[in-house]
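Numbering (my numbering), first residue to last: 1442 to 1972.
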């Protein structure tokens, strides 16, 4: 009975952070994470963000802070004590670890509890939110209050308490799940139409699942169950054995270096013994965080294709905190991801060229390639098919499918890329249904495609008429932009197009491979796909 009690109670642990605004010019004080445990102990912390209290003779490293405990009706039942723990980044932290509540003679009807401590600077109390507790005896049942930023426990078998999950999502929309294994089972009945469920492993690998990408009703239909019987399973599995070795060998083959484990992320819907994989999130980019084994100036997040043994670029940014570097990989689907280092390729005809740095950066990101014999041909005009392929790579999309354009036949090197770019709304054909894949792309066509790619990545690109005129005011040839006027203006406003000169946007001029690479790099930076 005790084991059942402990498992059920573990699923109801709620953490609460309630912001208490103090008087202007005073230090900010708050409760940190608070957990009321099944053995009638409470664990948490309080903190203040400056030395005002210390200067006032309160809250310094010799103090013990009294924290009053209140029943649901507001009656004070006793106190627990927080002691000084540390100072970090200007904040003083005081912890109360497993402070006992057993002497307060609490019953289930006394919950939810709340805590408060006195702020002597402005004579107010800083108060916590409601604290959940499950009492399995003496009536009263289970109380699950709304939670903010909840950290909900996951059982060793991957299960999550549906009531706790539903309440946390309803209250805040953001829930953190800490994994001990490799997967979590989310009851669809507890999920909302929006919100984010973040699943994190002990090593720091995590996955942010925006619930808006799940069409739960359609998924339930696809496996033949009612919504209440549908389960969403999220796997975060580190590759091991031969699978991991295959990835390392593939990295070595391209002269690269592995900077992280290879992780497979997967979302599936299950019910009635059937499973459907969820692997297309449209234009919603889902974040997954992977810790690095070491820092690198040329690190790149990549998708690994086990069928071909090849890597492709994944939009990724990097941050370092407390000496630990973490990559945030952004993509609209799932697969096997890792972080590698690839030296930028040096092209003989780029030495001293104005776009050398931009092209070499994109080369290290696996976005651009040379034309053979260590050449890039920066001043050669780029075709519509070539640029569509470059855009698809920069968005981290998998090129697949066949095109509906009349002049894009199956089997060409660009067929899948053009089809993918068309599906994403980035390329458009002509009125006769053709695409002209081998035609040279003009600067205004290139700018229009980049702006559409920005919109696909979630960047606002719509300008008012006044903003369009202001963006193009310095260009004497703005009148030649016709159909592309708004999109070129958006590209100029975003800093992606800067004109061939200070007064000429040169929209009808053919774009070069150097110009294309430069605009791609500016686009990636603008939408925070690289840093």
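Positions of the beta carbon are idealized from the N, C-alpha and C atoms, including for glycine. These numbers were taken from a predicted model, which means no experiment stands behind them.
{"Check": "Does the Cβ-Cβ distance between residue 1779 and residue 1837 come in under 9 Å?", "Outcome": "no"}
{"Check": "Please tell me whether residue 1655 and residue 1637 are closer than 9 Å, where the distance is taken between their beta carbons.", "Outcome": "no"}
{"Check": "Assuming contact is defined by CB atoms lying nearer than 9 Å, are residue 1829 and residue 1879 in contact in what I supplied?", "Outcome": "no"}
{"Check": "Spatial neighbours of residue 1961 within its chain, please: CB distance less than 7 Å, with the 5 preceding and 5 following residues excluded, ordered by chain position.", "Outcome": "1803, 1808, 1831, 1835"}
{"Check": "Determine the DSSP secondary structure at residue 1867, reduced to helix, strand or coil.", "Outcome": "coil"}
{"Check": "With 16 as the cutoff for other CB atoms within 10 Å, does residue 1505 come out buried or exposed?", "Outcome": "exposed"}
{"Check": "For residue 1472, write down the residues that DSSP places opposite it in a beta bridge.", "Outcome": "1487"}
{"Check": "Reducing DSSP to helix, strand and coil, say where residue 1481 ends up.", "Outcome": "coil"}
{"Check": "Pull up the DSSP beta-bridge partners for residue 1651, would you.", "Outcome": "1637"}
{"Check": "Sort 1956, 1895, 1661, 1791 by Cα distance to residue 1935 and report the nearest one.", "Outcome": "1895"}
{"Check": "Where residue 1929 and residue 1886 are concerned, what is the direct C-alpha to C-alpha distance, given to the nearest angstrom?", "Outcome": "9 Å"}
{"Check": "Kindly give me the distance between the Cβ atoms of residue 1663 and residue 1710, rounded to whole angstroms, as I take these residues to be in contact under 8 Å.", "Outcome": "7 Å"}
{"Check": "Report yes if the CB atom of residue 1557 is closer than 9 Å to the CB atom of residue 1509, and no otherwise.", "Outcome": "yes"}
{"Check": "Which term fits residue 1971, buried or exposed, when burial requires 16 or more other beta carbons within 10 angstroms of its beta carbon?", "Outcome": "buried"}
{"Check": "For residue 1822, list the residues DSSP reports as bridge partners.", "Outcome": "1953"}
{"Check": "For the beta strand (DSSP E) containing residue 1712, list its first residue and its last residue.", "Outcome": "1704–1712"}
{"Check": "Taking the alpha carbon of residue 1540 as the reference point, which residue from 1824, 1619, 1486 has its own alpha carbon closest?", "Outcome": "1486"}
{"Check": "Can you find at least 3 beta carbon pairs, one from the stretch 1843–1851 and one from the stretch 1897–1908, that sit closer than 8 Å?", "Outcome": "no"}
{"Check": "Are the stretch 1679–1687 and the stretch 1726–1734 in contact at 8 Å, needing three or more beta carbon pairs?", "Outcome": "no"}
{"Check": "Please state whether DSSP places residue 1577 in a helix, a strand or coil.", "Outcome": "Confidence at residue 1577 is low in this model, with a pLDDT of 32, below 50, so the placement of that residue should be treated as unreliable; the coordinate-derived value is given next. Correct three-state label for residue 1577: coil."}
{"Check": "Could you pull out every residue in the same chain whose Cβ sits closer than 6 Å to the Cβ of residue 1702, ignoring the five residues on either side in sequence?", "Outcome": "1679"}
{"Check": "Helix, strand or coil: how does DSSP classify residue 1514 here?", "Outcome": "coil"}
{"Check": "Strictly under 9 Å for the Cβ-Cβ distance: is residue 1891 near chain C by that measure?", "Outcome": "As a matter of chain content, chain C is missing from the structure shown, which is built from one protein chain."}
{"Check": "Rank 1628, 1629, 1622, 1631 by C-alpha distance to the C-alpha of residue 1641 and give the top, closest one.", "Outcome": "1622"}
{"Check": "Hey, would you say residue 1965 sits closer than 9 Å to residue 1933, going by beta carbons?", "Outcome": "no"}
{"Check": "Give me the residue from 1730, 1898, 1747, 1782 with the minimum Cα distance to residue 1770.", "Outcome": "1730"}
{"Check": "Give me, in chain order, the residues of the same chain whose beta-carbon lies closer than 6 Å to that of residue 1484; leave out the 5 immediate sequence neighbours on both sides.", "Outcome": "1476, 1538, 1539"}
{"Check": "Could you pull out every unbroken beta strand (DSSP E) segment of at least 3 residues lying fully inside the stretch 1726–1771, listed in chain order?", "Outcome": "1727–1732, 1740–1746, 1751–1754, 1757–1762"}
{"Check": "Could you check if residue 1732 belongs to the surroundings of the ligand ADP, using beta carbon to heavy atom distance under 8 Å?", "Outcome": "Looking for the ligand ADP in the displayed structure turns up nothing, as the structure carries no ligands at all."}
{"Check": "For residue 1519, collect the residues of the same chain with a Cβ closer than 6 Å to its Cβ; drop the 5 residues on either side in sequence, then sort them by chain order.", "Outcome": "1510, 1545"}
{"Check": "Please work out which residues of its chain come closer than 7 Å, Cβ to Cβ, to residue 1893, disregarding the five sequence neighbours upstream and downstream, and give them in chain order.", "Outcome": "1866, 1867"}
{"Check": "I need the boundaries of the beta strand (DSSP E) containing residue 1439, first residue and last residue.", "Outcome": "The requested residue 1439 does not occur in the structure, where the chain is confined to residues 1442 to 1972."}
{"Check": "Strictly by DSSP, which residues pair up with residue 1539?", "Outcome": "Paired residue(s): none; residue 1539 is not in a bridge."}
{"Check": "Quick one: residues in its chain with C-beta nearer than 6 Å to the C-beta of residue 1713, no 5 flanking neighbours on either side, listed in chain order?", "Outcome": "1664, 1665, 1666"}
{"Check": "Under the rule that 16 or more other beta-carbon atoms within 10 Å means buried, what is residue 1762, buried or exposed?", "Outcome": "exposed"}
{"Check": "With a threshold of 7 Å on Cβ separation, who are the neighbours of residue 1814 within its own chain once the five nearest residues in sequence on each side are excluded?", "Outcome": "none"}
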